[in-house]
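All residue numbers for the sequence shown refer to our numbering, where the first residue is 12 and numbers rise by one. Heads up: the structure comes next, in structure tokens.
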Amino acid sequence: MRFRPTPLEGAWVVELEPREDERGLFARTFCAEEFAAAGLETSFAQCNVSFNVKRGTLRGLHWQASPHEEVKLVRCTRGAVWDVIVDLRAGSPTLHRWFGVELDQDSRRAVYVPRGFAHGFQTLTDAAEVFYQMSVPYQPAAARGARYDDPRLAIEWPLSSPNVSARDAEWPKLA
12 MRFRPTPLEG AWVVELEPRE DERGLFARTF CAEEFAAAGL ETSFAQCNVS FNVKRGTLRG
72 LHWQASPHEE VKLVRCTRGA VWDVIVDLRA GSPTLHRWFG VELDQDSRRA VYVPRGFAHG
132 FQTLTDAAEV FYQMSVPYQP AAARGARYDD PRLAIEWPLS SPNVSARDAE WPKLA
């Protein structure tokens with residue numbers, strides 16, 4: 012695996028190093044030793060999948076409040092998504108800055124989302140599937156969110172008129 016830093020400290024794009032032959036390929040998607048050597052979380056307590064029927068579906072921006080802050084390792088296993096993370100760490104020099112990257116089934120890259128970040132994505136294809144590894148189990152009472160279209164964040168989503176759930180459309184703007 013290759014760990015590529017993002018402009019947001021502590022967040023990484025994780026690229027695979029596939030071994031290919033006439034049968035296909037093999038690649039490691041997670042290795043505790045390599046993650047530890049990079050100073051990253053090595054324990055994941057929960058894995059989830061999000062299947063999205065229509066292109067343009069937007070999920071987010073989500074995070075869990077303290078003491079249930081989570082690290083996420085996010086990968087698109089089918090189709091393609093525009094994945095976005097937002098730094099919400101108080102005192103961070105990149106507070107409220109965002110970073111976006113395309114995740115897709117062909118590149119197999121992932122985004123490592125540190126504690127204190129919001130996360131969301133917009134599907135670029137029909138039938139897009141996203142796989143998450145989380146460092147802590149989901150706690151409904153700790154669930155938080157912010158508007159995907161908050162002008163303070165000015166996130167550049169690739170598709171206009173996104174398909175957003177009522178819950179995500181009702182999250183507040185950041186204070």
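Ideal Cβ positions, reconstructed from N, Cα and C, are used throughout, including at glycine. Computed from a prediction, not measured in an experiment: that's the story for all the values here.
Distance between beta carbons of residue j and residue i, contact taken as under 8 Å
i	j	result
residue 75	residue 180	At roughly 20 Å, the Cβ-Cβ gap does not stay under 8 Å, so residue 75 and residue 180 are not in contact.
residue 24	residue 122	6 Å
residue 109	residue 95	6 Å
residue 33	residue 88	Contact doesn't hold; Cβ gap of about 23 Å is too wide.
residue 161	residue 135	So it is not a contact: roughly 21 Å between Cβ atoms.
residue 98	residue 107	7 Å
residue 125	residue 158	Actually they are not in contact, since the Cβ atoms of residue 125 and residue 158 sit about 22 Å apart, beyond 8 Å.
Pair within 7 Å by beta-carbon distance, residue i and residue j
i	j	result
residue 49	residue 14	yes
residue 69	residue 156	no
residue 67	residue 170	yes
residue 112	residue 56	no
residue 12	residue 45	yes
residue 38	residue 29	yes
residue 105	residue 36	no
residue 120	residue 31	no
residue 138	residue 90	yes
residue 150	residue 58	no
Range of the contiguous alpha helix (DSSP H) that encloses residue i
i	result
residue 129	Element bounds for residue 129: not the alpha helix (DSSP H) but the beta strand (DSSP E), 128 to 134.
residue 178	177 to 181
Start-to-end residues for the beta strand (DSSP E) that takes in residue i
i	result
residue 121	121 to 124
residue 84	83 to 89
residue 100	Neither: residue 100 is in no beta strand (DSSP E) and is coded neither H nor E.
residue 113	109 to 115
residue 78	Taken as a continuous stretch (DSSP letters only), residue 78 belongs to no beta strand (DSSP E), as it is neither H nor E.
residue 16	13 to 16
| field | the segment 123 to 132 in contact with the segment 73 to 86 per 3-pair CB rule at 8 Å | value | Three or more Cβ pairs closer than 8 Å define a contact, and the segment 123 to 132 meets that threshold against the segment 73 to 86.
| task | Run through the segment 26 to 74 for me and flag every whole beta strand (DSSP E) of 3 or more residues, listed as ranges in chain order. | result | Runs of the beta strand (DSSP E) lying entirely within the segment 26 to 74, each at least 3 residues long, are 30 to 32, 35 to 37, 57 to 63 in chain order.
| field | Continuous alpha helix (DSSP H) assignments of at least 4 residues falling wholly in the segment 138 to 181 | value | For the segment 138 to 181, the continuous alpha helix (DSSP H) assignments of 4+ residues that do not extend past its boundaries occur at 177 to 181, in sequence order.
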